[in-house]
Every structure is written in structure tokens, then in C-alpha cells.
Amino acid sequence: ACGVIAGPAGTDRPVRFVPMLNSARSPTFYEFDSADLLRLYRAMDAPYEYVTNLRVPLAHGWAILDLALPRLRLGFEVDGREHHTSPAAFLRDRTRDPELVELGWLVVRLAANSVEDDPAWVTDRMQGIIRQRAAELGHG
Numbered sequence: 637a638c639g640v641i642a643g644p645a646g647t648d649r650p651v652r653f654v655p656m657l658n659s660a661r662s663p664t665f666y667e668f669d670s671a672d673l674l675r676l677y678r679a680m681d682a683p684y685e686y687v688t689n690l691r692v693p694l695a696h697g698w699a700i701l702d703l704a705l706p707r708l709r710l711g712f713e714v715d716g717r718e719h720h721t722s723p724a725a726f727l728r729d730r731t732r733d734p735e736l737v738e739l740g741w742l743v744v745r746l747a748a749n750s751v752e753d754d755p756a757w758v759t760d761r762m763q764g765i766i767r768q769r770a771a772e773l774g775h776g
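Residues in the sequence shown are numbered from 637 upward in steps of one, following this note's numbering.
See below:
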């Protein structure tokens with residue numbers, strides 16, 4: 637079984653198993669599915685409501701955030717190697733992220749393989765970023 641052992645923030649005490657799927661469906665290559673990020677977030681018992689695939693209107697279209705905490709204007713994006721298959725795909729993310737920042741959003745990009753290779757690191761980073769963002773906005 638593939639997954640993450642989760643526990644209370646700041647401890648090394650495992651409490652529950654969070655299963656994850658290999659969306660690449662390959663025995664030799666793992667690709668993280670954005671639904672797994674949602675499972676990690678739920679396992680953290682974070683106090684802020686979240687939305688998956690949130691559509692944020694931009695000047696010329698939409699940005700769709702994998703996992704968003706709208707109250708904090710905080711978005712998490714998960715990018716695998718296959719995500720930026722062309723220069724246009726790479727450029728699209730690099731042009732929409734500054735537009736999101738202009739609207740007050742903080743966008744955090746995570747490498748898809750980080751969740752498989754070191755999910756505890758991803759969870760710790762997400763928790764720290766959420767705490768920092770909440771403090772910046774006076775929600776802490």
C-alpha cells in the first residue's frame with residue numbers, strides 16, 4: 637500500500653494512515669494526484685475550509701488552483717514532470733501566478749514526487765505556510 641503516516645503537528649507520533657494512489661499507473665514511475673494533496677490536508681486537521689479545483693477569475697481567463705484556502709487566499713499547486721510538457725504550459729503558469737499575486741493570493745507550487753518521496757516534509761511545509769499566512773492576515 638502506498639500512503640502517508642500522519643500524526644499531530646510537531647510530533648513524531650503516527651496516528652493514522654492516509655492512502656494515496658499512483659495516478660501514473662506505472663510500476664516504475666509514481667505521479668502524485670492532486671486528490672492526494674487533499675487527503676494530506678484533511679489528515680492535518682487544519683482549521684481553514686478548503687476548496688479543490690477552485691476557479692479564480694483573472695483578467696484574461698481563469699486560474700484553477702488544485703487546493704485553495706479562500707479565507708487565506710492561499711493556493712497549493714502540484715506539478716509533476718508531465719505537467720509542463722511544452723513551453724506554452726510552462727509559460728501559462730508563469731503568467732497566471734503573478735496575476736494571482738496581484739489579487740492577493742499566495743500560490744505555493746509543490747513537486748508531485750515530493751509527496752511520495754517525503755510526505756512528512758510536504759505536510760510540515762503546508763502547516764508552516766498556513767500558520768504564516770494566517771498570521772500575516774491577522775487570522776492567527
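Backbone N, C-alpha and C define an ideal beta-carbon position, used for all residues, glycine too.
Residue i in three-state terms, based on DSSP
i	result
ALA771	helix
TRP741	coil
GLU713	strand
ALA747	strand
ALA578	Limits of the chain in this structure are 637 at one end and 776 at the other, which puts residue 578 out of reach.
PRO683	coil
GLN763	helix
Anticipated Cβ contact below 8 Å, residue i with residue j, distance rounded
i	j	result
ILE766	TYR686	That pair is no contact at about 10 Å.
PHE712	MET762	7 Å
THR688	LEU703	6 Å
Selected residue, minimal CA-CA separation from residue i, among the options
i	options	result
LEU694	LEU736, ARG707, MET680	LEU736
ILE700	LEU676, ALA682, TRP741	TRP741
GLN768	LEU710, ALA704, ARG678, THR688	LEU710
GLU772	ARG707, ALA682, TRP698, ASP702	ARG707
LEU739	VAL692, ARG745, ALA682	VAL692
HIS696	PRO723, HIS775, GLY774, PRO734	PRO734
Beta-carbon proximity list for residue i, same chain, < 7 Å, skipping 5 on both sides
i	result
ASP715	ARG745, ALA747, ALA748
ARG732	LEU694, ALA699
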